[in-house]
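Before any comments, here is the structure.
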Amino acid sequence: MLTTQPTTAEVTVYHKGSSLSDSRDDAPTTHLRSGPRRSHITEETLKRWNLARDVAAAVLLLIALVLPWNLYFGVGIPDSRLELFVALLVVTLFSLASIASSWRFKHVQPGRLRATLNVPYFLLVMGFVLFDMIQTVRYGGTGNVPGGVGPGAWVGAAGALLSAQPPITNTRVDKDRFRGWLLTARIIAFTAIALAALAFVFNLFWRIKAALPADSTGFGKQTFAIIMTAIVYGSVALAAVVVASWWILQRSRASRLALVALGVSTLLAGLIVWLLPIGRVIDAFHGIAQNTSTAAVGFEGFLAWAAAAAIVAPLTLLRTATSDHVSDNMWRQAARKGLLLIALWSAASVLMRITDLAVTVLLNLPNPPYDNAAMAAFDLVTAVLAAWLHVNLTNRSLPVPVISSLCGVLFVFSVSRIVIGVALAPRVAGSPAGLNNPVYGNDLAQQITSTFDVALSALTLCILVVTIITGKIQQRQPQVGAQPSRPPAPPEPETTRLTTGGAPAPRIFRPAERPPTPPAAPRIYRGPHEPTGGARHRD
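Residue numbering for the sequence shown is 30 to 568, as defined by the numbering used here.
Structure follows, in C-alpha cells:
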C-alpha cells in the first residue's frame with residue numbers, strides 16, 4: 030500500500046509492501062527507531078530526478094545512432110543500407126519528441142503520450158531481433174554468419190525505455206503506472222531465457238549433425254571433441270543468461286540494484302569492445318552479440334539486461350536515495366549477487382579451459398598445454414576469490430580494509446583474465462580468412478574471452494566502489510553489541526524540586542545567641558535536722 034501525506038514543504042511517503050518497493054527478499058535491517066519506513070521527497074527532488082532520467086535517455090538515444098546494430102548495419106559497417114539509417118533517425122526523433130512532450134504539454138497525459146511516441150523505436154529493435162532469428166534458422170549448418178544484435182540496439186532500447194516511462198509524481202498514480210512497467214520487465218526476462226534455451230538447442234543440434242560422419246567410418250575422436258566442446262560451451266553460456274536474468278524476476282531491492290549495475294556494465298562493455306582496437310581480439314564478433322552458445326553469452330542476455338535495467342532503475346534508485354532506512358547491508362547484498370555471477374562465470378571458464386586442454390591432448394594438437402593451464406589458473410583464482418567474497422562480504426567481524434582490498438584484487442584479476450586469455454590464446458598459422466572481413470573475425474584458434482568478460486570486469490568495479498563506500502559508513506557506525514569493560518554506575522536519584530511560585534525559599538529558624546550564664550557559688554549541704562540559722566550548736 031502506498032500512502033502519501035503532502036505538506037506545504039515536502040511529501041512524505043510511507044511504503045508498506047508496495048509493488049513498487051517490495052522488500053520481502055531484502056536483507057534484515059537493524060532499525061534504530063520504531064515506525065514506518067519513510068522517504069522524504071520534495072517536489073524539487075522529483076523535478077531534478079525526472080530531468081536527469083530524461084537527459085540520460087536522450088544521451089543513450091544519440092549514442093545508439095553511431096553504434097552498430099548488427100554485422101551488416103551501423104556506422105562503421107560497410108555497405109549499410111541508407112533506408113535503415115533513415116528509419117533509425119526517424120524513430121530516434123520520435124523518442125526525443127516524447128521526452129520534450131512531458132515538459133512542453135503538461136496538460137496532456139504524459140505517460141500515454143511518451144509510450145506511444147516510443148512504439149516505433151521498440152518495433153525497430155524487435156525487427157533486428159526477428160531478422161537475426163530468421164537468419165539463424167536459414168543459415169543453420171552452413172558457414173554463413175547471422176547478423177546478430179549489436180550494442181546500438183542495446184543502448185537504443187535502454188534509451189527508448191527510459192524516455193517512454195511517465196514522469197515520477199510520487200503519488201498513488203505511480204503505483205498503477207509502474208506496476209505495468211515491472212510486469213514488462215518480467216516478460217522480457219522470461220522471453221530472454223526462452224530464446225537463449227532455444228538457441229542453445231538449435232545450435233547444439235546443427236553442431237552434432239555436422240560432426241557426425243556421413244559414412245560408416247565410425248564415431249572418431251574428432252567427432253567426440255566437437256560434441257563435447259559444443260555441450261560445454263553452450264551450457265555455461267545458457268547458465269549465465271539464466272542466472273543474471275533471474276534477478277529481473279526477483280522483487281527485492283537488492284536484486285534490482287544488482288540488475289541496474291549489470292545493465293550499466295553491459296552497455297559500457299559494448300562500447301569498449303566496439304571502440305577499442307583490441308576489442309576485435311577480445312570478441313571475435315567485435316561486440317556484436319550472436320545468439321547464445323554461438324559465441325558465449327548471446328544478445329538475448331545483453332538486450333534483456335539493458336532493457337530491464339532501464340525499466341527498474343529510475344524508481345529503484347529514487348527510493349534508495351531518499352529512504353530513511355536503507356542500510357549498507359542492502360548494498361552489499363546487491364554486490365553479493367554480482368559476486369555470485371562472477372564466480373559462476375570464472376568457474377565456467379575453468380571448465381572450458383579444461384575442455385580445450387582435453388581436446389588438445391586427445392587430438393594431439395600442437396598447442397602448448399601449459400598456456401591453457403596458466404589461463405585456467407587465473408580463472409580458478411578469480412572464481413575462488415569471488416566465491417569467498419560472496420560468502421564473507423556481509424561478515425562485519427572481518428576488517429573493512431581487508432574486504433575492500435580483496436575486492437580490488439578481484440578487479441585486477443578480472444581484467445587480467447582478459448589480458449592473459451588474449452595473450453596466451455593459440456593463434457591460427459598464416460593469414461586466416463577471418464581477418465579479411467572489415468567488421469568481425471580474428472586469428473585466435475580458440476575464442477573463450479568475450480564481451481561478457483568485459484561486462485563482468487565493469488561489474489567488479491561497481492562492486493569495489495560499493496564496498497569502499499559502505500566500508501566507510503560501517504566504520505562511522507558504533508559497534509553493535511559491544512559490551513563495556515565494567516558495569517556502569519547506577520544513576521543518581523533525581524532530586525524533586527518543589528515549585529513555590531514567587532514565595533521566598535524556606536529558611537530554618539535559628540534563635541539569637543544568649544550571653545553565657547556565670548556558674549553559681551558553691552553551697553554546703555545540710556541535713557534535714559540541722560538548723561539553718563546562724564547560731565552554732567554547743568554541748
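The beta-carbon is built from N, C-alpha and C at its ideal position, and this holds for glycine as well.
**OP:** Check whether the segment 188-200 touches the segment 80-92, counting contact only when three or more Cβ pairs, one atom from each stretch, lie closer than 8 Å.
**Re:** yes
Original post:
In whole angstroms, what is the alpha-carbon distance linking Arg280 and Thr121?
Top reply: Reading the sequence shown from its first residue, position 251 is the one you call residue 280. Reading the sequence shown from its first residue, position 92 is the one you call residue 121. So the alpha carbons of these two residues sit roughly 31 Å apart.
Original post:
Do you know offhand how far Val388's Cα is from Ala221's?
Top reply: For the purposes of this step, residue 388 is identified with residue 359 of the sequence shown, where counting begins at 1. For the purposes of this step, residue 221 is identified with residue 192 of the sequence shown, where counting begins at 1. Taking the straight line from one Cα to the other gives about 31 Å.
**OP:** Grab me the residues of Gly105's own chain with a C-beta within less than 7 Å of its C-beta, minus the 5 sequence neighbours each way, in chain order.
**Re:** Position 76 of the sequence shown, counted from the first residue, corresponds to residue 105. These residues qualify, in order along the chain: Pro97.
Original post:
What are the complete alpha helix (DSSP H) segments, minimum 4 residues, inside the segment 366-429?
Top reply: 398-421
Subject >> Local conformation of Arg280 per DSSP, three classes >> reply: What you label residue 280 is simply residue 251 of the sequence shown in a count that begins at 1. Residue state, collapsed to three classes: coil.
**OP:** Could you have a look at Leu125 and say whether DSSP puts it in helix, strand or coil?
**Re:** As a first step, residue 125 must be located in the sequence shown, where it is residue number 96. Leu125 falls in the helix class under three-state DSSP.
Original post:
Do the CB positions of Ile260 and Ile447 come within less than 8 Å of each other?
Top reply: Walking along the sequence shown from the start, residue 260 turns up at place 231. Walking along the sequence shown from the start, residue 447 turns up at place 418. Not a contact, by the Cβ cut-off of 8 Å.
**OP:** Go ahead and label Pro242 buried or exposed: buried means 16 or more other beta carbons lie within 10 angstroms of its beta carbon, across all protein chains shown.
**Re:** Taking the first residue of the sequence shown as 1, we reach residue 242 at position 213. Pro242 should be labelled exposed.
Original post:
Excluding sequence positions up to five away, which residues of its chain have a Cβ less than 6 Å from the Cβ of Ala339?
Top reply: Position 310 of the sequence shown, counted from the start, is the residue given in the question as residue 339. Result list for Ala339: Ala187, Leu190 and Leu191, in chain order.
Original post:
Ordered along the chain, which non-local residues of its own chain (more than five positions away) have a Cβ less than 6 Å from that of Ala577?
Top reply: A question about residue 577 goes unanswered here, because the residues of the chain that appear run from 30 up to 568.
Subject >> Contact set for Gly170: own chain, Cβ-Cβ below 8 Å, skip 5 residues either direction >> reply: By one-based count along the sequence shown, residue 170 stands at place 141. These residues qualify, in order along the chain: Trp235, Lys238 and Ala239.
Original post:
What residues match up with Ala318 in a beta bridge as DSSP calls it?
Top reply: Within the sequence shown, the letter at position 289 stands for residue 318. In DSSP, Ala318 forms a bridge with Val178.
Original post:
Where does Phe481 land, buried or exposed, given buried means 16+ other C-beta within 10 angstroms?
Top reply: The residue given as residue 481 occupies position 452 in the sequence shown. Flag for Phe481 reads buried.
Original post:
Are at least three pairs of beta-carbons, each pair with one atom in the segment 292-306 and one in the segment 158-168, less than 8 Å apart?
Top reply: no
**OP:** Enumerate in chain order the residues of its own chain whose CB-to-CB distance from Asp51 is below 6 Å, with the five nearest sequence positions on each side excluded.
**Re:** Mapped onto the sequence shown, residue 51 falls at position 22. Residue confidence is low: Asp51 scores 46 on pLDDT, short of 50, so the model does not pin down where it sits. No coordinate-derived value is stated.
Original post:
Do Val429 and Gln504 have their C-beta atoms within less than 8 Å of each other?
Top reply: On the sequence shown, residue 429 is found 400 positions in, with the first residue counted as 1. On the sequence shown, residue 504 is found 475 positions in, with the first residue counted as 1. Contact: yes.
**OP:** State the Cα-Cα distance for the pair Gly510 and Asn424, rounded to the nearest angstrom.
**Re:** For the purposes of this step, residue 510 is taken as the residue at position 481 of the sequence shown. For the purposes of this step, residue 424 is taken as the residue at position 395 of the sequence shown. Confidence is the limiting factor: at Gly510 the pLDDT is only 48, short of 50, which leaves the residue's position unreliable, though a coordinate-based value still follows. So the alpha carbons of these two residues sit roughly 14 Å apart.
Original post:
Where His60 and Ala402 are concerned, what is the direct C-alpha to C-alpha distance, given to the nearest angstrom?
Top reply: Start at 1 with the first residue of the sequence shown, and residue 60 comes out as number 31. Start at 1 with the first residue of the sequence shown, and residue 402 comes out as number 373. Any reading at His60 must be qualified, since the residue scores a pLDDT of 41, below 50, and its modelled position is unreliable; the value itself is stated next. When rounded, the distance between both Cα atoms is 50 Å.
Subject >> Cβ-Cβ distance between Leu391 and Val265 below 8 Å >> reply: Looking up residue 391 in the sequence shown gives position 362. Looking up residue 265 in the sequence shown gives position 236. It is not a contact, given that the beta carbons lie outside the stated cut-off.
**OP:** Drop a sphere of 10 angstroms on the beta-carbon of Asn199, count the other beta-carbons inside from all chains shown, and report buried for 16 or more, exposed for fewer.
**Re:** Within the sequence shown, numbered from 1, the residue matching residue 199 stands at position 170. Its Cβ being crowded by 16 or more others within 10 Å, Asn199 is buried.
**OP:** Using the Cα positions of Pro175 and Thr323, report the straight-line distance between them to the nearest angstrom.
**Re:** Numbered from 1 along the sequence shown, position 146 holds the residue referred to as residue 175. Numbered from 1 along the sequence shown, position 294 holds the residue referred to as residue 323. Cα-Cα distance, rounded: 10 Å.
Original post:
Where does Asn99 fall in DSSP's three states?
Top reply: Counting from one through the sequence shown, the residue named residue 99 turns up at place 70. If DSSP states are grouped into helix, strand and coil, Asn99 belongs with the strands.
Original post:
If we count the other Cβ atoms within 10 Å of its Cβ and call it buried at 16 or more, is Thr145 buried or exposed?
Top reply: As a position in the sequence shown, residue 145 is number 116, starting the count at 1. Exposed.
Original post:
According to DSSP, which residues form a beta bridge with Leu75?
Top reply: Walking along the sequence shown from the start, residue 75 turns up at place 46. None; Leu75 has no bridge partner.
Original post:
Cα-Cα, which of Arg82, Ala268, Pro467 and Asn396 is closest to Gly103?
Top reply: Position 74 of the sequence shown, counted from the first residue, corresponds to residue 103. Nearest of Arg82, Ala268, Pro467 and Asn396 to Gly103, Cα basis: Pro467.
Subject >> Beta-carbon spacing of Ala283, Ile492 below 8 Å >> reply: Counting from one through the sequence shown, the residue named residue 283 turns up at place 254. Counting from one through the sequence shown, the residue named residue 492 turns up at place 463. Not a contact, by the Cβ cut-off of 8 Å.
Original post:
Looking at the C-beta of Gly209, does it have a partner C-beta in chain D at a distance below 8 Å?
Top reply: Absent from the structure: chain D. Only one protein chain is present.
**OP:** Would you mind working out which of Leu288, Pro343, Leu488 and Ala313 sits nearest Arg82, comparing C-alpha positions?
**Re:** Sequence index remark: in the sequence shown, residue 82 carries index 53 (1-based). For the residues Leu288, Pro343, Leu488 and Ala313, the minimum Cα distance to Arg82 belongs to Pro343.
Subject >> Continuous alpha helix (DSSP H) stretch holding Val154: start and end >> reply: Here residue 154 corresponds to residue number 125 of the sequence shown, with the count starting at 1. Start and end: Val148 to Arg167.
Subject >> Spatial neighbours of Asp54 in its chain, beta-carbon cut-off 8 Å, leaving aside the 5 residues before and after >> reply: As a first step, residue 54 must be located in the sequence shown, where it is residue number 25. Because the pLDDT of Asp54 is 43, which lies under 50, any placement of that residue in the model is unreliable, and the number read from its coordinates should be weighed accordingly. Take Asp54, set aside five residues on each side of it, and the residues of its chain with a beta-carbon closer than 8 Å to its own are Gln279, Arg280, Ser281, Ala283 and Ser284, in chain order.
Subject >> Spatial distance of Pro397 from Ser109 (CA atoms) >> reply: As a position in the sequence shown, residue 397 is number 368, starting the count at 1. As a position in the sequence shown, residue 109 is number 80, starting the count at 1. Rounded to the nearest angstrom, the two C-alpha atoms are 41 Å apart.
Subject >> Beta-carbon separation (whole angstroms), Leu94 vs Leu113, contact threshold 8 Å >> reply: To locate residue 94, count along the sequence shown from 1; it is residue 65. To locate residue 113, count along the sequence shown from 1; it is residue 84. Not really, about 12 Å apart at Cβ, beyond 8 Å.
Original post:
Across which residues does DSSP place Leu473 in a beta bridge pair?
Top reply: Residue 473 sits at position 444 when you count from the first residue of the sequence shown. Bridge partners of Leu473: Arg456.
Subject >> Contact belief for His419 with Leu369 at Cβ below 8 Å, rounded distance in angstroms >> reply: The sequence position of residue 419 within the sequence shown is 390, counting from 1. The sequence position of residue 369 within the sequence shown is 340, counting from 1. The C-beta distance from His419 to Leu369 rounds to 5 Å, short enough to fall under 8 Å.
Subject >> Three-state secondary structure assigned by DSSP to Ser352 >> reply: The residue given as residue 352 occupies position 323 in the sequence shown. It is a strand residue.
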